[in-house]
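Visitor: Those letters in the sequence shown? Residues 1 to 605, per full-length UniProt numbering, in order. Glycine is no exception: its CB is placed at the ideal position from the N, C-alpha and C atoms. For reference, the structure I am asking about is given below.
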Amino acid sequence: MPSEAAKKRQAKKKAAAQSRGKPKPAVNSSNVAIENGDNASNGGILDVSSRACTGVLASHPLSKDLKIENFSITFHGVELLKDTKLELNSGRRYGLIGANGCGKSTMLMSIGKREIPIPEHFDIFHLHGEIEASDKTALQSVMEVDEERHRLELEAEELAHLGEDGADRLMEVYERLEELDSSHAEVTAAEILHGLGFTALMQQTATKNFSGGWRMRIALARALFIKPSILLLDEPTNHLDLDACVWLEEELKNYKRILVIISHSQDFLNGVCTNIIHMTRGQLKSYGGNYDSYVKTRAELEENQMKQYNWEQDQIKNMKDYIARFGHGSAKLARQAQSKEKVLAKMSAGGLTEKVVKDRSLSFYFPDCGKLPPPVISVQTMSFRYADDKPYIYKNLDFGMDLDTRVALVGPNGAGKSTLLKLIEGTLTPTDGLIRRHGHLKICRYHQHLQDMLELDLSALEFMMKCFPEIKEDEVMRRSIGRYGLTGKQQICPMRNLSDGQRCRVVFAWLAFQTPHLLLLDEPTNHLDMETIDSLAEAILDFEGGLLLVSHDFRLISQVAQEIWVCEKETVTPWKGDIVSYKEELKKKVTKEKAKARKAKTNQR
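Right, here's the structure in full:
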């Protein structure tokens with residue numbers, strides 16, 4: 001049964017509905033200044049003092065859409081955006097893409113902290129860090145929205161006094177209050193947490209007992225529970241397994257307000273986004289459709305742009321040749337030359353078409369590792385658990401690997417994918433059984449904590465020269481680092497000034513320089529842009545050694561994996577199909593669980 005508060009809101013909502021559709025007075029909102037605030041969930045990660053933002057509100061103060069003109073961002077003295085236009089429409093889901101280091105995260109931070117004029121009725125949730133560790137349970141942390149509920153109730157009172165002008169917004173506020181109503185909040189919160197991989201026991205566990213990755217999932221669950229007017233997600237899939245990624249994709253593709261996502265996963269952007277915003281050369285360029293549509297549209301626009309550019313350059317060349325030949329000839333020819341000079345001046349004044357500048361391509365490289373006779377890894381009746389009082393993660397595993405092995409490990413979170421990589425590397429020791437490694441085998445394992453080993457006060461060049469003192473010439477190392485997309489000042493500035501994606505490239509350069517026979521890659525795409533991921537895929541395909549991959553990026557798996565192994569129920573089982581068929585199986589599972597949850601909600605009401 002609905003609560004008393006809900007009944008009152010229903011009555012008010014009905015009254016507000018009667019005033020909808022009536023004409024509203026025109027309001028000039030071309031330049032409205034809004035005081036800066038901070039509705040981000042977890043504090044800033046980028047230093048505000050080093051960032052300057054400007055912009056002009058160009059949409060109605062009560063509109064559900066947000067339009068900012070003359071949007072500029074300067075960070076550490078570098079112009080990331082200059083006099084561009086940001087347009088976010090309600091009901092649209094935007095994928096924000098661009099090269100590593102172009103300023104995508106900085107832009108989301110500036111929006112989340114309201115450093116541009118954003119009307120107060122927009123509540124903003126910026127997911128960029130985990131929820132704080134406390135004695136509150138995961139479920140309580142998601143449901144704890146008293147502050148948001150109180151804010152909406154106050155806004156409803158103010159809108160009620162505006163009459164017809166605030167009717168549309170008032171309706172939306174009442175809908176939000178119904179969604180946050182405590183009568184069914186626990187069921188909704190539990191459903192979201194379950195979709196993100198939390199068991200019933202985990203939902204009742206204090207947040208202080210979770211790792212940072214799991215607390216990030218709790219923060220994401222809270223964002224999805226609140227359903228803010230503007231939801232900003234910075235790499236939301238970085239801490240998720242494939243199961244949770246599929247669930248999140250299904251959840252977000254129906255988001256009814258404004259959603260802006262930074263993601264490196266083309267597959268994820270294709271499934272969620274209705275629009276793509278490309279951040280490039282200080283401008284925001286908007287495209288309709290998902291990522292695949294963006295690629296097609298951009299290619300067509302660039303082809304047309306080059307045709308126009310070539311036509312203009314031909315015209316300019318012909319006119320300049322004519323002027324040079326006949327500018328001092330007979331009076332008639334001189335007049336024609338002067339006429340062409342005027343045409344040239346008019347073309348230049350009107351703005352000439354710019355030449356298309358292609359994105360700089362990268363070329364990752366893993367050096368020739370030589371040959372080793374198979375098997376290079378032999379796993380014999382291996383079992384593992386972390387302690388005697390802990391459950392077994394694996395029991396009686398038997399398999400071999402050689403330099404031709406190209407395997408992607410998939411399965412639910414906690415099934416032991418990363419654990420298996422550590423066992424093969426030798427970081428962990430089997431509880432029972434054996435793992436035999438070839439005596440000359442060199443293994444390199446990539447994981448997200450490798451960034452912690454970087455000495456951030458050093459430059460990438462200094463760090464690499466320190467790690468490999470046998471290299472005496474800077475130029476040799478600079479060429480090696482340059483293969484991974486770090487050039488010029490990026491090689492010699494302190495690594496703390498680099499973006500997460502650029503630091504990841506330093507780690508890959510460090511790994512490759514060790515000439516491994518076997519690559520163990522644990523979520524290698526986190527923080528990398530799409531061009532870098534494609535370059536990584538090409539390097540893996542050219543690599544002569546073996547590969548064991550854990551990734552939530554379906555596209556990377558489809559590019560490099562020849563086999564899919566499912567880690568689940570204390571064992572490893574080969575998947576008979578490809579990664580596409582595995583994702584379809586996960587989608588069926590998510591659809592079935594969502595239908596079951598909807599039925600439970602209906603029964604509760």
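Can you name the residues that DSSP bridges to residue 574?
Guide: Paired residue(s): 565.
Visitor: Taking Cβ to Cβ, would you say residue 193 is nearer than 8 Å to residue 138?
Guide: Yes, the pair counts as a contact, with Cβ atoms nearer than the cut-off.
Visitor: Considering only C-alpha positions, which residue in the set 119, 100, 109 is nearest to residue 57?
Guide: Residue 119 is the option with its Cα nearest to residue 57.
Visitor: In chain order, what residues of the same chain lie with their CB nearer than 6 Å to the CB of residue 356, ignoring the 5 residues before and after it?
Guide: If we look at residue 356 and ignore the five residues flanking it on each side, its Cβ neighbours are 302, 305, 306.
Visitor: Give the straight-line distance between the Cα atoms of residue 300 and residue 563, rounded to the nearest whole angstrom.
Guide: Taking the straight line from one Cα to the other gives about 36 Å.
Visitor: Once you ignore the five residues that flank residue 213 on each side, which residues in its own chain have a CB closer than 7 Å to its CB?
Guide: Excluding sequence neighbours, residue 213 sits near 239.
Visitor: Counting pairs of beta carbons, one from the segment 526 to 541 and one from the segment 378 to 396, are three or more of them closer than 8 Å?
Guide: No contact exists between the segment 526 to 541 and the segment 378 to 396.
Visitor: Starting from residue 625, follow its DSSP beta bridges and name the residues at the other end.
Guide: With the chain covering only 1 through 605, there is no way to say anything about residue 625.
Visitor: With DSSP run on the structure shown, which of helix, strand or coil describes residue 395?
Guide: In this structure, residue 395 counts as strand in the three-state DSSP scheme.
Visitor: Pull up the distance between the alpha-carbon of residue 151 and that of residue 173, whole angstroms please.
Guide: So the two alpha carbons sit approximately 10 Å from each other.
Visitor: From 175, 330, 320, 324, pick the residue whose C-alpha is nearest to that of residue 257; which is it?
Guide: Nearest option by C-alpha distance: 175.
Visitor: What separation, rounded to the nearest whole angstrom, lies between the Cα atoms of residue 144 and residue 225?
Guide: Each residue's alpha carbon lies about 10 Å from the other.
Visitor: Could you pull the start and end residues of the beta strand (DSSP E) that residue 436 belongs to?
Guide: First-last of the beta strand (DSSP E) with residue 436: 432 to 437.
Visitor: When you compare each of 493, 492, 93 to residue 261 by their alpha carbons, which one comes out closest?
Guide: Closest option to residue 261, Cα to Cα, is 93.
Visitor: Which runs of the beta strand (DSSP E) spanning at least 3 residues fall entirely within the segment 268 to 349, listed in chain order?
Guide: With a minimum length of 3 residues, the continuous beta strand (DSSP E) runs that stay inside the segment 268 to 349 are 275 to 280, 283 to 288.
Visitor: Assign residue 335 to buried or exposed, taking buried as 16 or more other Cβ atoms, counted over all protein chains shown, within 10 Å of its Cβ.
Guide: Per the 10 Å Cβ criterion, exposed.
Visitor: Tell me, please, which residues DSSP counts as bridged to residue 69.
Guide: Beta-bridge pairing links residue 69 to 56.
Visitor: Where in the segment 104 to 191 do unbroken runs of the alpha helix (DSSP H), each at least 4 residues long, occur, reported from the N-terminal end onward?
Guide: If we require 4 residues or more, the alpha helix (DSSP H) runs fully inside the segment 104 to 191 come out as 104 to 112, 138 to 143, 146 to 160, 167 to 179.
Visitor: Secondary structure at residue 471, three-state DSSP: helix, strand or coil?
Guide: Note: residue 471 maps to coil in three-state DSSP.
Visitor: Quick test of your reading: residue 196 and residue 221, contact by CB under 8 Å. State the CB separation rounded to the nearest angstrom.
Guide: Indeed, because the Cβ distance is near 6 Å, the residues count as touching under 8 Å.
Visitor: Can you round the beta-carbon distance between residue 127 and residue 233 to whole angstroms, since I take them to be within the 8 Å contact cut?
Guide: Right, their Cβ atoms sit about 5 Å apart.
Visitor: Less than 8 Å separating the beta-carbons of residue 547 and residue 436?
Guide: Contact flag unset, no.
Visitor: Evaluate residue 404 with the Cβ neighbour count: other Cβ atoms within 10 Å of its Cβ, from every protein chain shown; 16 or more gives buried, anything less gives exposed.
Guide: The residue in question, residue 404, is exposed, as its Cβ has fewer than 16 Cβ neighbours within 10 Å.
Visitor: Does the beta-carbon of residue 100 have 16 or more other beta-carbons within 10 angstroms, so that it is buried, or is it exposed?
Guide: Buried, since its Cβ has 16 or more Cβ neighbours within 10 Å.
Visitor: CB residue 97 to CB residue 111, shorter than 8 Å?
Guide: Going by C-beta atoms, residue 97 is not nearer than 8 Å to residue 111.
Visitor: Thinking C-beta only, is residue 442 closer than 8 Å to residue 516?
Guide: Cβ distance < 8 Å, so residue 516 and residue 442 count as in contact.
Visitor: Within this structure, are the beta carbons of residue 218 and residue 141 separated by less than 8 Å?
Guide: It is a contact, given that the beta carbons lie within the stated cut-off.
Visitor: Please classify residue 243 as buried or exposed, where buried requires at least 16 other C-beta atoms within 10 Å of its C-beta.
Guide: Buried is the call here.
Visitor: Do you know offhand how far residue 527's Cα is from residue 208's?
Guide: Taking the straight line from one Cα to the other gives about 26 Å.
Visitor: Which of the three DSSP states, helix, strand or coil, is assigned to residue 408?
Guide: DSSP places residue 408 in strand when its eight states are reduced to three.
Visitor: If we ignore side chains and look at the alpha-carbon of each, how far apart do residue 115 and residue 569 end up?
Guide: Cα to Cα, residue 115 sits roughly 49 Å from residue 569.
Visitor: With C-beta atoms as the reference, is residue 518 less than 8 Å away from residue 376?
Guide: Yes, Cβ-Cβ distance for residue 518 and residue 376 is below 8 Å.
Visitor: By the DSSP assignment, the alpha helix (DSSP H) with residue 216 in it spans what residues?
Guide: Its alpha helix (DSSP H) spans residues 212 to 226.
Visitor: Which residue comes first and which comes last in the alpha helix (DSSP H) that contains residue 451?
Guide: Looking at the DSSP string, residue 451 is not in any alpha helix (DSSP H), and its letter there is neither H nor E.
Visitor: What three-state label does DSSP hand residue 546 in the structure shown?
Guide: Three-state DSSP puts residue 546 in a strand.
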